[in-house]
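Novice:
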Amino acid sequence: MQQYEKANFKLPLPSNVFPFLFDLSVRYARGVSEEEFLAACQKLGLGQSVWTIDLAFLMATMNLSHHFCTQTLGVDRSYENQEFYHRDFATDELRVNRRFADAADSGVKVEKRAVSMSEVETHLAAGNVAIVLTDATILHCELCSPPAVSYCCFGSALPSCYPSRKHQYQGHFVTVCGYSRPDGSVFYNNPTCDRMCICTVKNFNEARTSYGTDEDILFIYKDAS
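Residue 73 in UniProt numbering sits at position 73 of the sequence shown; the count goes up by one each step and never skips.
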């Protein structure tokens, strides 16, 4: 396919439209108003704890074409003792498992499988975006440096972008919107940053396949489903 042969591709995705990362993708895919978006969030009861399946339901509620790929259809109970998941685990487990069970009847497209980087590139080259669950303690923005730490992709929540820090899983959604094969780079928007961020393909793959992510990727298509 001609689109797949593109060596470089980057969408001019807006930054900081709303504080919610998934809202960036919703507004990009189809001109959704703030009122529509907030109504959909309220209908789904989205709160502080948001899982990828919640975002997939949001896409279906907004009639946006999507495809959710994950390695786990439901909640992995081994996460219960992880600090990141522990606080709301019992409540989240009931909601998340119920949503996976109701997915097909609700128009939510879910598939259990891993996703290759070449598939991500093909999706992006077609002018689409993807919401990817990453481990924030691994994801490393190449534009962040000690003199500009305030511009770090994770802001005050994670004041350093450097891998020397002790690893303790921190789930973090990013909107992936481009890549450069010659440079081996991935372009993404971060909900806590006011500009586009860049990481290496190697780092991106490590962050998105880290334990705790279930390798969740939510593909979003510009064309209506």
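We treat Cβ as the ideally placed atom computed from N, Cα and C, and that holds for glycine.
Does the region 179 to 189 come into contact with the region 199 to 207, if we say contact requires no fewer than three beta-carbon pairs (one atom in each stretch) closer than 8 Å?
Specialist: yes
Novice: How is the alpha helix (DSSP H) around K202 delimited, first residue to last?
Specialist: Counting along the chain, the alpha helix (DSSP H) containing K202 begins and ends at 201 to 208.
Novice: Strictly by DSSP, which residues pair up with A90?
Specialist: A90 is not bridged to any residue.
Novice: Can you find the residues in the same chain that come closer than 6 Å, C-beta to C-beta, to M59, ignoring five residues on each side of it along the sequence?
Specialist: Within the same chain, M59 has close Cβ partners H66.
Novice: Once the 5 residues before and after C69 are set aside, which same chain residues still bring their CB inside 6 Å of it?
Specialist: E111, R113, V115, I217
Novice: In the structure shown, what three-state DSSP assignment does C141 receive?
Specialist: coil
Novice: Do G212 and Y79 come within 8 Å of each other at the CB atom, strictly closer than that value?
Specialist: Note that the C-beta distance between Y79 and G212 is below 8 Å.
Novice: Kindly provide the ranges of any beta strand (DSSP E) runs that are 3 or more residues long and lie completely inside the region 44 to 108, ordered along the chain.
Specialist: 66 to 70
Novice: May I ask you to report which of helix, strand or coil DSSP gives S185?
Specialist: strand
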